[in-house]
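Structure record follows, encoded as structure tokens.
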Amino acid sequence: MSIKQLDAPDASIIDRWHPALPSERLGAEPVSVEVLSVKVALFRIKGEAVAFRDLCIHRGVPLSLGRVEEDRVVCPYHGWTYDACGACVRIPAQPAGKAIPEKARVTTYRTVEQEGLIWISFGQPDGPPLSLPAFDGFRKVLCAPYEVQAAAPRVIENFLDVSHLMFVHEGLLGDPASAEIHEYRMHRTEEGLVSDEIEVYQPDADGTGKGVTNRYVYKVLGPFAAFLEKRDSADPDHVFGLLFAVLPHAEKRSTAYAVIYRNYALDTPDSVFAEFQDKLIEQDRVIVESQTPELLPLDLQAELHLVSDRASIAYRQWLKELGVSFGAE
Ligand code: FES
Ligand SMILES: [Fe+2]
Numbered sequence: 001m002s003i004k005q006l007d008a009p010d011a012s013i014i015d016r017w018h019p020a021l022p023s024e025r026l027g028a029e030p031v032s033v034e035v036l037s038v039k040v041a042l043f044r045i046k047g048e049a050v051a052f053r054d055l056c057i058h059r060g061v062p063l064s065l066g067r068v069e070e071d072r073v074v075c076p077y078h079g080w081t082y083d084a085c086g087a088c089v090r091i092p093a094q095p096a097g098k099a100i101p102e103k104a105r106v107t108t109y110r111t112v113e114q115e116g117l118i119w120i121s122f123g124q125p126d127g128p129p130l131s132l133p134a135f136d137g138f139r140k141v142l143c144a145p146y147e148v149q150a151a152a153p154r155v156i157e158n159f160l161d162v163s164h165l166m167f168v169h170e171g172l173l174g175d176p177a178s179a180e181i182h183e184y185r186m187h188r189t190e191e192g193l194v195s196d197e198i199e200v201y202q203p204d205a206d207g208t209g210k211g212v213t214n215r216y217v218y219k220v221l222g223p224f225a226a227f228l229e230k231r232d233s234a235d236p237d238h239v240f241g242l243l244f245a246v247l248p249h250a251e252k253r254s255t256a257y258a259v260i261y262r263n264y265a266l267d268t269p270d271s272v273f274a275e276f277q278d279k280l281i282e283q284d285r286v287i288v289e290s291q292t293p294e295l296l297p298l299d300l301q302a303e304l305h306l307v308s309d310r311a312s313i314a315y316r317q318w319l320k321e322l323g324v325s326f327g328a329e
């Protein structure tokens with residue numbers, strides 16, 4: 001599918017930022033990543049992340065197979081060389097002094113780095129990828145990328161699903177004996193969708209092995225990005241935050257990125273929290289990959305919903321209003 005085909009129904013995601021790669025994974029070697037069914041080549045040029053369509057306009061070789069040389073991208077096939085703006089500045093086979101055709105350029109995309117990730121947009125985003133608080137005094141941990149063979153809206157909806165915690169994450173994020181969810185509402189704010197506080201008893205809330213009753217607040221920041229904050233009911237100054245952003249590679253194939261924020265247990269190694277997250281997301285992956293239909297149904301008649309599913313309901317309604325059809329039906 002080309003961006004042109006995506007353009008009409010999914011302008012809302014074309015103009016969004018998508019988390020393409022952890023910043024630390026882009027060095028001297030180019031990286032190829034699929035975003036919304038489009039192959040993108042990422043390069044680091046003068047320290048900046050640069051994104052090209054991963055296709056040399058001469059004979060269609062992926063530019064991610066090439067290399068960066070003196071701040072320019074060199075195609076591996078015939079050595080056509082592109083500057084950081086995508087303009088071809090050298091065609092080795094062409095006689096010296098002959099002008100390079102105007103049309104000899106590759107499509108470039110906007111990039112920005114935030115929260116340890118390189119974000120890419122095919123369109124005209126109206127702000128930064130995320131508007132999150134500064135989290136002063138918090139420790140941040142970017143967890144491993146998580147590949148999921150599922151549609152991005154399914155992956156996000158699972159993240160917003162409070163009543164699965166007691167079953168999919170039994171003994172960790174919930175206890176089946178305390179599965180009842182008290183009534184809560186979702187609100188529309190400038191940040192997106194925000195839930196009321198939802199209390200959940202968690203036998204091991206964060207991997208440190210401590211049982212606590214947490215107050216959850218979910219925020220949907222974008223079609224494929226959400227945030228949750230949980231506060232220990234007994235100690236509300238202890239805050240655990242989790243940014244969860246999903247890159248839709250294709251309609252049914254995604255990579256999820258998780259960034260953990262905490263302002264407590266600062267002496268506990270970050271790996272304790274990251275490995276716990278790995279375990280939770282693996283539990284989620286098995287469930288989300290098993291779901292049918294694979295595309296998230298936006299018609300609320302298509303599945304049964306309870307009051308405890310309010311976050312999912314609000315998310316589906318919001319996607320529908322935005323006109324998001326990638327990964328949804
Ligand atoms: S295919 Fe890239 S230079 Fe020919
Ligand atoms: Fe989960």
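Take the sequence shown: its letter number 228 is residue 228 in my numbering, and every next letter is one higher.
For glycine and all other residues, C-beta sits at the position ideal for the given N, C-alpha and C.
These numbers were taken from a predicted model, which means no experiment stands behind them.
Let me check understanding here. Comparing Cα to Cα, which of 31, 313 and 126 lies closest to residue 330?
Coverage of the chain is limited to positions 1 through 329, which leaves residue 330 absent and any answer about it impossible.
Between the segment 257-276 and the segment 293-302, do at least 3 Cβ pairs fall closer than 8 Å?
Taking 8 Å as the limit for Cβ pairs, the verdict is that the segment 293-302 does not touch the segment 257-276.
Determine, using beta-carbon pairs with one atom in the segment 84-97 and one in the segment 147-159, whether at least three such pairs fall under 8 Å.
No contact exists between the segment 84-97 and the segment 147-159.
Note down the Cα distance separating residue 83 from residue 175, rounded to an integer number of angstroms.
Answer to the nearest angstrom: the Cα atoms are 56 Å apart.
Starting from residue 112, trace the beta strand (DSSP E) in both directions and tell me its first and last residue.
Looking at the DSSP string, the run of the beta strand (DSSP E) that includes residue 112 is 108-114.
In chain order, what residues place their C-beta within less than 5 Å of a heavy atom belonging to ligand 1?
Output, sorted by chain position: 56, 58, 59, 61, 75, 77, 78 and 80.
Suppose only complete runs of 4+ residues qualify. What are the alpha helix (DSSP H) ranges in the segment 146-182, listed by chain order?
Taking only runs of at least 4 residues, the alpha helix (DSSP H) segments lying wholly in the segment 146-182 are 152-159 and 165-168.
Mapping DSSP to helix, strand and coil, what is residue 8?
Any answer about residue 8 is weak, because its pLDDT of 46 lies below 50 and its placement is not dependable; what the coordinates show is given next. DSSP places residue 8 in coil when its eight states are reduced to three.
Of the choices 108, 317 and 22, whose alpha-carbon is the least far from that of residue 63?
With distances taken between Cα atoms, residue 63 lies closest to 108.
For residue 59, count neighbouring C-beta atoms within 10 Å of its own C-beta (all shown protein chains included) and say buried if the count is 16 or more, exposed if not.
Looking at its Cβ environment, which holds fewer than 16 other Cβ atoms inside 10 Å, residue 59 is exposed.
Could you spell out the range, first to last residue, of the beta strand (DSSP E) harbouring residue 261?
Element bounds for residue 261: 253-262.
Taking the alpha carbon of residue 43 as the point to measure from, which residue in 55, 36 and 28 has its own alpha carbon closest?
Answer by Cα proximity: 28.
Return the chain-ordered list of same chain residues with a C-beta closer than 8 Å to the C-beta of residue 280, the five sequence neighbours on each side being excluded.
These residues qualify, in order along the chain: 169, 172 and 173.
Are residue 128 and residue 149 closer than 9 Å when you measure CB to CB?
Going by C-beta atoms, residue 128 is not nearer than 9 Å to residue 149.
Where does residue 143 land, buried or exposed, given buried means 16+ other C-beta within 10 angstroms?
Under this definition residue 143 is a buried residue.
Residue 220 and residue 315: beta carbons closer than 9 Å?
A contact, by the Cβ cut-off of 9 Å.
What are the uninterrupted segments assigned as beta strand (DSSP E) that are 3 or more residues long and contained completely in the segment 242-322, given in chain order?
Listed in chain order, they are 253-262.
Less than 9 Å separating the beta-carbons of residue 310 and residue 185?
Their beta carbons are under 9 Å apart, which means residue 310 touches residue 185 by this criterion.
Between residue 224 and residue 259, how many whole angstroms is the CB-CB distance? I'm expecting something under 8 Å.
Not a contact, Cβ separation roughly 15 Å.
In the segment 70-144, which residue ranges form an unbroken beta strand (DSSP E) of at least 3 residues, counting only runs that do not cross its ends?
Correct list: 72-74, 88-90, 108-114, 117-121 and 139-142.
Hey, is residue 169 close to ligand 2, as in C-beta under 8 Å from one of its heavy atoms?
For ligand 2, at least one heavy atom lies less than 8 Å from the Cβ of residue 169.
Thinking residue 256 and residue 244 are a contact (beta carbons under 8 Å), I'd like their distance in whole angstroms, please.
Rounded, the Cβ-Cβ distance is 6 Å, consistent with contact.
Three-state secondary structure (DSSP) at residue 195?
Residue 195 falls in the strand class under three-state DSSP.
Just to confirm, does residue 284 get its C-beta within under 8 Å of one of the non-hydrogen atoms of ligand 2?
Correct: residue 284 has its Cβ closer than 8 Å to ligand 2.
Specify the secondary structure class of residue 327 as computed by DSSP and reduced to three states.
In the structure shown, residue 327 sits in coil (DSSP, three-state: anything other than H, G, I, E or B).
Less than 8 Å separating the Cβ of residue 173 from some heavy atom of ligand 2?
Yes, ligand 2 has a heavy atom inside 8 Å of this Cβ.
I'd like to confirm the pairing. Which residues does DSSP put opposite residue 32 in its beta bridges?
Paired residues: 41.
Check residue 24 in the structure and name its three-state DSSP category.
Residue state, collapsed to three classes: helix.
DSSP beta-bridge partners for residue 217?
DSSP lists 229 as partners of residue 217.
If we ignore side chains and look at the alpha-carbon of each, how far apart do residue 136 and residue 198 end up?
Residue 136 and residue 198: Cα-Cα distance of roughly 25 Å.
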